[in-house]
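Protein sequences appear in the order of chains L, A and F. The numbering of the first sequence is the UniProt record's numbering, which starts it at 1 and goes up by one. The numbering of the second sequence is the UniProt record's numbering, which starts it at 1 and goes up by one. The numbering of the third sequence is the UniProt record's numbering, which starts it at 1 and goes up by one. Here a beta-carbon is modelled for each residue, glycine too, at the ideal position from N, C-alpha and C.
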Amino acid sequence: MKLIIAIIQDEDAGEVISNLNKANFQVTRLATKGGFLRAGNTTLLTGVEDDKVEEAMGIIEENSKSRTQYATLPSSCGAMHGFILAPIEVNIGGATVFVVDVEQFKKF
Amino acid sequence: MKLIIAIIQDEDAGEVISNLNKANFQVTRLATKGGFLRAGNTTLLTGVEDDKVEEAMGIIEENSKSRTQYATLPSSCGAMHGFILAPIEVNIGGATVFVVDVEQFKKF
Amino acid sequence: MKLIIAIIQDEDAGEVISNLNKANFQVTRLATKGGFLRAGNTTLLTGVEDDKVEEAMGIIEENSKSRTQYATLPSSCGAMHGFILAPIEVNIGGATVFVVDVEQFKKF
Ligand code: NI
Ligand code: NI
Ligand code: NI
């Protein structure tokens, strides 16, 4: 048994959790204190059998990895200024994941 | 030294924590993000000496294990409808507990 | 790779986190549920290379260790009562720190 501790962006939490659940992984979501750090981190805990670690890690990676998105300002804004605004690149997502060995696992 | 990470129901947290404290275990209660998951999970962290793990696990089990309760609707409701409402079974409690080895433990 | 789990006082969190960050340690701050426990605990998670554990532990100790402070009531209060109030000793700070081995560490 392993415990996966995944620190992901808030905006990715819904997708990561629902996809882990679909694959029968139970997830606990810890609240992260706002204000001090990069806003919007979420810490997930999920206990997995040794031979399921790679599957769970794959689901976390797929739904949270760092990626580039193109954002555009509202077209009304560009229209107001009389030109089209070019989309801007923004980096979103990203995860830090720890896998820890579990000596004893119990469900009561 | 071991670290016990226990995910329990909110409604059991008071009893679990006060009974752990009475047995001289210090407990930290982490807030769980609302909304996404089964409402009302709490994550407890407690560091215990190797030979105290079973004692702490017993206290957690005793005060959080999954159990059936009978709930009745308010009798005024039954009276209004002119019959007695049968009690309904509800499942409450339940815990998921991980024990992890601690390599170094310090108090400053 | 090790995972440091540090339970510190809220009032020390700012200093501990900013000094860990200055030394290039990334920190996640978990919210602690209010009401039940000593008010104002914060749990920090930080993943560190094996040979950086002592450095990180030193920063945590330096910025959170239990210490005595002298507090005085507002002088207006003493003045009102016609005497000088002696400063009182208060204990602040204090940390409980666990170091756990990490089997797998990934950044996505
Ligand atoms: Ni504009
Ligand atoms: Ni009714
Ligand atoms: Ni006074």
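C-beta contact flag for residue i and residue j at 9 Å
i	j	result
aspartate 12 of chain F	glutamate 103 of chain A	no
threonine 96 of chain A	threonine 28 of chain L	yes
glutamine 26 of chain L	serine 64 of chain L	no
leucine 20 of chain F	isoleucine 5 of chain L	no
glycine 93 of chain L	lysine 107 of chain F	no
isoleucine 88 of chain A	tyrosine 70 of chain A	yes
methionine 1 of chain F	phenylalanine 98 of chain F	no
Environment of residue i [buried if 16+ CB atoms lie within 10 Å]
i	result
valine 90 of chain A	exposed
isoleucine 7 of chain L	buried
Nearest-angstrom beta carbon gap, residue j and residue i [assumed within contact, 8 Å]
i	j	result
lysine 42 of chain L	alanine 56 of chain L	Here the sequence assigns threonine to residue 42 of chain L, which means lysine is not the residue at that position. At roughly 16 Å, the Cβ-Cβ gap does not stay under 8 Å, so threonine 42 of chain L and alanine 56 of chain L are not in contact.
alanine 31 of chain L	alanine 31 of chain A	4 Å
Delimiting residues of the alpha helix (DSSP H) encompassing residue i
i	result
asparagine 14 of chain A	Before going further, note that residue 14 of chain A is glycine rather than asparagine in the sequence given. Where glycine 14 of chain A is concerned, the enclosing alpha helix (DSSP H) stretches over 10-22.
glutamate 61 of chain F	53-64
Residue i: contacting residues in chain B (beta-carbon distance under 8 Å)
i	result
phenylalanine 25 of chain A	Among the chains of the structure shown, chain B does not appear; the protein chains present are L, A and F.
Residue interval of the beta strand (DSSP E) (run including residue i)
i	result
valine 27 of chain L	Per DSSP, valine 27 of chain L belongs to no beta strand (DSSP E) and is neither H nor E.
glutamate 89 of chain F	88-92
phenylalanine 98 of chain L	95-101
glycine 47 of chain A	41-48
phenylalanine 105 of chain A	104-107
Check: residue i C-beta below 8 Å from any heavy atom of ligand 5
i	result
glutamate 15 of chain A	Although ligand 5 was asked about, the structure shown includes only ligand 1, ligand 2 and ligand 3 as ligands.
Identify each residue in the segment 40-68 of chain A for which the Cβ-Cβ distance to at least one residue of chain L is less than 8 Å, and report them in chain order.
Residues of the segment 40-68 of chain A with a Cβ closer than 8 Å to any Cβ of chain L, in chain order: Asn41, Thr43, Val53, Met57, Ile60, Glu61, Ser64, Lys65, Ser66.
Along the segment 82-101 of chain A, where does the CB come closer than 9 Å to a CB of chain L? Name the residues.
So the close ones are Gly93, Gly94, Ala95, Thr96, Val97, Phe98, Val99, Val100, Asp101.
Using Cβ-Cβ distances below 8 Å, what residues of the segment 5-16 of chain A are close to chain F?
Only Ala13, Gly14 from the segment 5-16 of chain A bring a Cβ to less than 8 Å from some Cβ of chain F.
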